[in-house]
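Trainee: Structure below; questions to follow.
Here's what the structure looks like:
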């Protein structure tokens with residue numbers, strides 16, 4: 024059978040790291056308050072010349088290097104982002120240009136924090152049906168540019184960064200590597216709980232992020248646990264079969280609550296929210312790359328990716344590495 028196999032991963036972060044203590048000098052907050060409620064200790068903030076596409080390109084180069092694949096061999100680039108460089112063209116085309124792999128497919132996916140899962144599912148479908156052979160799937164964000172820095176309930180939660188994986192269509196055995204199952208969902212009923220108050224068609228402005236954190240938390244724990252169970256059911260597996268969970272890094276409390284709901288030990292969950300904060304579509308690939316590069320995630324491991332974001336959108340994907 025043809026499967027989409029993960030050949031390599033990469034990540035990129037802005038130069039500037041901003042600690043909770045630094046934020047506390049500018050707004051009414053404290054390191055203790057942020058850590059207790061979110062688990063976040065620092066985040067990276069993009070500076071002059073650092074954009075979603077430049078971070079995405081750097082992450083893509085690192086992923087290609089790990090995979091041992093030339094950029095010219097990539098015929099599909101899907102970039103998940105809610106903070107593109109421009110309204111159009113797609114930031115994926117700017118990555119394509121920077122990498123020098125012209126002529127293939129390149130487009131953006133916008134599903135906010137679930138964007139990487141949506142991009143992964145789309146790329147998997149296109150590879151398995153023969154539309155492409157090698158793909159870059161990227162999550163990249165510069166969320167700092169849509170934050171209200173006077174709103175201490177939201178501005179402390181987010182950061183900037185990019186993560187990428189290289190997928191290749193391969194003929195695999197039943198117990199071989201590759202994406203095994205993906206399940207995606209959306210429910211526009213809850214838009215007012217997490218959204219940006221601007222846009223080209225409404226205000227003609229970029230807008231700022233708005234969130235009702237308590238309500239988002241409640242939906243996140245239920246939806247994530249459900250979609251993980253659904254994805255495992257699709258391949259006849261149980262939570263105990265998973266070697267690693269790579270979740271969207273929104274909040275340490277959500278990570279803990281979701282793991283408990285599934286009966287998964289905390290040691291099986293890759294956590295980077297403490298040093299990256301919530302990087303939206305970039306958070307899952309950033310965490311995955313961290314696990315790959317420090318040796319925790321190994322070839323043959325079963326890895327569950329999961330995320331939920333504004334919309335609401337949510338999803339999960341199970342892969343054998």
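Residue numbers (our numbering): 24 to 344. We treat Cβ as the ideally placed atom computed from N, Cα and C, and that holds for glycine. Being a predicted model, the structure only gives us computed values, none of them experimental.
Flag this pair as yes or no: are the beta carbons of residue 67 and residue 210 separated by less than 8 Å?
Mentor: No. Outside cutoff.
Trainee: Taking all protein chains shown into account, do 16 or more other C-beta atoms lie within 10 angstroms of the C-beta of residue 119, making it buried, or fewer, making it exposed?
Mentor: Buried: at least 16 other Cβ atoms inside 10 Å.
Trainee: Starting from residue 245, trace the alpha helix (DSSP H) in both directions and tell me its first and last residue.
Mentor: Start and end: 236 to 257.
Trainee: Measuring CB to CB, does residue 250 end up less than 8 Å from residue 274?
Mentor: No, they are not a contact pair.
Trainee: Would you list the one or two residues that DSSP bridges to residue 85?
Mentor: Paired residue(s): none; residue 85 is not in a bridge.
Trainee: Report the option in 284, 241, 324 and 185 whose CA atom is closest to the CA atom of residue 101.
Mentor: Here the closest residue by C-alpha is 185.
Trainee: For residue 30, count neighbouring C-beta atoms within 10 Å of its own C-beta (all shown protein chains included) and say buried if the count is 16 or more, exposed if not.
Mentor: Buried is the call here.
Trainee: Just to confirm, are residue 42 and residue 175 a CB contact at a threshold of 8 Å?
Mentor: Cβ atoms of residue 42 and residue 175: not closer than 8 Å.
Trainee: Skipping 5 residues on each side, what residues in its chain have a beta carbon closer than 6 Å to that of residue 341?
Mentor: The residues are 203, 204, 254 and 327.
Trainee: Mapping the DSSP letters down to three states, classify residue 344 as helix, strand or coil.
Mentor: Coil at residue 344, not helix or strand.
Trainee: From residue 293 to residue 49, what distance separates their C-alpha atoms?
Mentor: Approximately 31 Å between the Cα atoms of the pair.
Trainee: Identify whether residue 208 lies in helix, strand or coil by the three-state DSSP scheme.
Mentor: Looking at residue 208 - three-state DSSP - the assignment turns out to be strand.
Trainee: Per DSSP, which one or two residues make a beta bridge with residue 157?
Mentor: DSSP, once it has assigned bridges, lists 191 as partnering residue 157.
Trainee: Can the beta-carbon of residue 240 be found less than 8 Å from the beta-carbon of residue 276?
Mentor: For residue 240 and residue 276, yes; Cβs fall inside 8 Å.
Trainee: Are there three or more Cβ pairs, one per stretch, closer than 8 Å when the stretch 91 to 106 is compared with the stretch 157 to 174?
Mentor: Output reads yes: the stretch 157 to 174 touches the stretch 91 to 106.
Trainee: Give the DSSP-derived three-state secondary structure of residue 43 in the structure shown.
Mentor: Helix at residue 43.
Trainee: Just to confirm, are residue 181 and residue 44 a CB contact at a threshold of 8 Å?
Mentor: In this structure, residue 44 does not lie closer than 8 Å to residue 181 by Cβ.
Trainee: Determine the DSSP secondary structure at residue 119, reduced to helix, strand or coil.
Mentor: Of the three classes helix, strand and coil, the one that applies to residue 119 here is helix, per DSSP.
Trainee: CA-CA distance, residue 170 and residue 256?
Mentor: Roughly 38 Å separates the two Cα atoms.
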